[in-house]
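Engineer: Questions regarding the structure given below will be posed in turn.
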Amino acid sequence: EKGGWDSFMDKEIHEDPAAVQRTLIGRMSDDGTIHLDEVHIDEHELKAVDKIIVVACGTASYAGMVAKYAIEHWVRVPVEVELAHEFRYRDPILTPRTLVVAISQSGETMDTLMALRHAREQGSKVLAICNTQGASIARESDAVLYTHAGPEVAVASTKAFVAQITAAYILGLYLAQLKGTVFRDEIRNTFDQLQAMPRKIQWVLDTQPSTIEQAAVQLADARSFLFLGRHVGYPVAMEGALKLKEIAYTFTEGFAAGELKHGPIALVDEGEPIVFIVPPARGRNVLHAKVLSGIEEVKARGAYIIAVAEVGDKDVERYADVIFWRPECPTLMSPLVDVVPLQLFAMDMAKQKGYDVDKPRNLAKSVTVE
Ligand code: BG6
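Going by the working numbering, the sequence shown opens with residue 1100, and the numbers climb by one from there.
Structure, rendered in structure tokens:
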């Protein structure tokens, strides 16, 4: 059933493009309107939503963090992202106008299930973004938006992550349409950008693996890694760090790149590997310059720089020791491609170290205890 791949993880990373593509199917009609067939919350209630709280654990929580940037930008409604186990026990402010979005691949994560039960008891509506038909989290929510990543077998989540971002973006565009915060042409244009992403992910899968594998061979013995990104690159950095912890048992920390000077730079020593998610340089993107100055800072202290950067980024070429290239795409779409080399890198690192990439020690695919 691994279909010729030597692990489920390898197979499932190669299904990233299909996971995005299938999650988009049937969402946009010819007249440029977004549809959410499975959602069963009244349109008026959705229109009245004045706060969104994403609850999730692990990888799903990082998909939620990515979605926050897009949804706030499009819908102009505040979005909080909270780990489900923290949310449940802190007396969060919930009203009938709060939409809680529970993101879960398995749909059985007990922490997330308890969080959504609490939200419903307080009178808020809950929408699940779930990959498993009929799972507890889907059944107990007011509405479901299914991701269509297909069954995910490897314990560390890969294709579900890109599908979760895609589904959350569709929800964001739908809410923007309802509230009238984005022009219809722009909604269609953004949806087209989403539809272009499977091809861009495929480009990474076709062209980058040998660079990634060489980097893993060279860095397999590194004792720790830092992952840094800004804006949507920040949750991508967190997810890249999590993958490497989970699969290769390497000590990693993910940070917002702007925090570097406020503490983490003290960790930087000769040869320390640091992964930077570099935003697109086009349009004189101010974030690009900021991330670049972080790279310069740590390079001056002898760090070993691994960058995820846009094809043709000459500034990055000047400083980075290794570059995993991304094809051109808008900043909000970049997480869908940027996570892919990090998934491959974690897998290659684990293989170098001789670990079972599908069944990492101490972890379970779905954690059904609190
Ligand atoms: C963890 C898994 O226990 O649960 C992670 O090891 C996963 O890979 C997290 O991201 C959340 O799982 P789910 O099924 O709720 O998305």
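Ideal placement from N, C-alpha and C gives every residue a C-beta, glycine not left out.
Here the structure is a predicted model, which is why all the values come from computation and not from measurement.
When you compare the region 1302-1311 with the region 1252-1270, are there three or more beta-carbon pairs, one atom per stretch, that lie closer than 8 angstroms?
Structural biologist: Flag = no, the region 1302-1311 and the region 1252-1270 do not touch.
Engineer: Let me confirm a value: residue 1187 is counted as buried when at least 16 other C-beta atoms fall within 10 Å, else exposed. Which label applies?
Structural biologist: So residue 1187 ends up on the buried side.
Engineer: What does the alpha-carbon distance come out to for the pair residue 1287 and residue 1257?
Structural biologist: Straight-line Cα distance between these residues: approximately 27 angstroms.
Engineer: May I ask whether a heavy atom of ligand 1 can be found less than 8 angstroms away from the beta carbon of residue 1170?
Structural biologist: Result no, Cβ not under 8 angstroms from ligand 1.
Engineer: For residue 1169, I'd like the list of residues in its chain whose CB is within less than 7 angstroms of its CB, leaving aside the five on either flank, ordered along the chain.
Structural biologist: If we look at residue 1169 and ignore the five residues flanking it on each side, its Cβ neighbours are 1268, 1271 and 1431.
Engineer: Span of the alpha helix (DSSP H) holding residue 1104?
Structural biologist: Note, residue 1104: premise wrong, no alpha helix (DSSP H); not H, not E.
Engineer: Which runs of the beta strand (DSSP E) at least 3 residues long sit entirely within the region 1310-1385? Give them in chain order.
Structural biologist: Within the region 1310-1385, the complete beta strand (DSSP E) runs of at least 3 residues are 1323-1328, 1350-1355 and 1372-1376.
Engineer: Would you call the region 1111-1121 and the region 1433-1449 in contact, with 3 or more CB pairs under 8 angstroms?
Structural biologist: Flag = yes, the region 1111-1121 and the region 1433-1449 touch.
Engineer: For a test of the three-state rule: what should DSSP assign to residue 1268, helix, strand or coil?
Structural biologist: Helix.
Engineer: Considering Cα atoms alone, identify which of 1226, 1328 and 1197 is closest to residue 1211.
Structural biologist: The shortest C-alpha separation from residue 1211 is found at 1226.
Engineer: Quick one: measure Cβ to Cβ for residue 1372 and residue 1332, integer angstroms, because I've assumed they're closer than 8 angstroms.
Structural biologist: Going by Cβ atoms, the distance from residue 1372 to residue 1332 rounds to 17 angstroms, so no, they are not a contact pair.
Engineer: Is the beta carbon of residue 1109 closer than 9 angstroms to that of residue 1446?
Structural biologist: A contact, by the Cβ cut-off of 9 angstroms.
Engineer: Nearest CA to the CA of residue 1471: which residue from 1374, 1131 and 1296?
Structural biologist: With the chain covering only 1100 through 1469, there is no way to say anything about residue 1471.
Engineer: Over what stretch of residues does the beta strand (DSSP E) that includes residue 1124 continue unbroken?
Structural biologist: Per DSSP, residue 1124 belongs to no beta strand (DSSP E) and is neither H nor E.
Engineer: Taking the alpha carbon of residue 1146 as the reference point, which residue from 1154, 1181 and 1196 has its own alpha carbon closest?
Structural biologist: Looking at the Cα atoms, 1196 is the closest of the given residues.
Engineer: Just list the residues that DSSP pairs residue 1150 with in beta bridges.
Structural biologist: Residue 1150 pairs with 1197.
Engineer: Taking contact to mean at least 3 C-beta pairs separated by less than 8 angstroms, is the region 1418-1425 in contact with the region 1346-1355?
Structural biologist: No: fewer than three Cβ pairs fall under 8 angstroms.
Engineer: Report the rounded CA-to-CA distance for residue 1326 versus residue 1408, giving the unit in angstroms.
Structural biologist: Between residue 1326 and residue 1408, the C-alpha separation is close to 14 angstroms.
Engineer: What are the partner residues of residue 1229, as DSSP defines its beta bridges?
Structural biologist: Residue 1229 pairs with 1203 and 1245.
Engineer: Can you list, in chain order, every residue whose CB sits closer than 7 angstroms to a heavy atom of ligand 1?
Structural biologist: Taken from the N-terminal end onward, the list reads 1155, 1156, 1157, 1158, 1159, 1202, 1203, 1204, 1205, 1206, 1207, 1208, 1211, 1254, 1255, 1256, 1259, 1345, 1462, 1463, 1464, 1465 and 1466.
Engineer: Alpha carbon to alpha carbon, what distance is there between residue 1242 and residue 1219?
Structural biologist: Residue 1219 and residue 1242: Cα-Cα distance of roughly 12 angstroms.
Engineer: Which word fits residue 1311, buried or exposed, when buried means at least 16 other C-beta atoms lie within 10 angstroms of its C-beta?
Structural biologist: Buried.
Engineer: Tell me residue 1181's beta-bridge partners as DSSP assigns them.
Structural biologist: For residue 1181, which the question treats as bridged, DSSP gives the partners 1154.
Engineer: Ordered along the chain, which non-local residues of its own chain (more than five positions away) have a Cβ less than 7 angstroms from that of residue 1459?
Structural biologist: For residue 1459, where only same-chain residues beyond five positions count, the Cβ hits under 7 angstroms are 1254, 1255, 1345 and 1346.
Engineer: With a threshold of 6 angstroms on Cβ separation, who are the neighbours of residue 1163 within its own chain once the five nearest residues in sequence on each side are excluded?
Structural biologist: Once the five neighbours on either side are set aside, the close Cβ partners of residue 1163 are 1153, 1155, 1180 and 1202.
Engineer: Look up residue 1224 in the DSSP assignment and give the residues it is bridged to.
Structural biologist: Answer by DSSP bridge pairing, in chain order: 1198.
Engineer: With distances taken from CA atoms, which of 1183, 1229, 1111 and 1393 is nearest residue 1360?
Structural biologist: Per the Cα distances, 1393.
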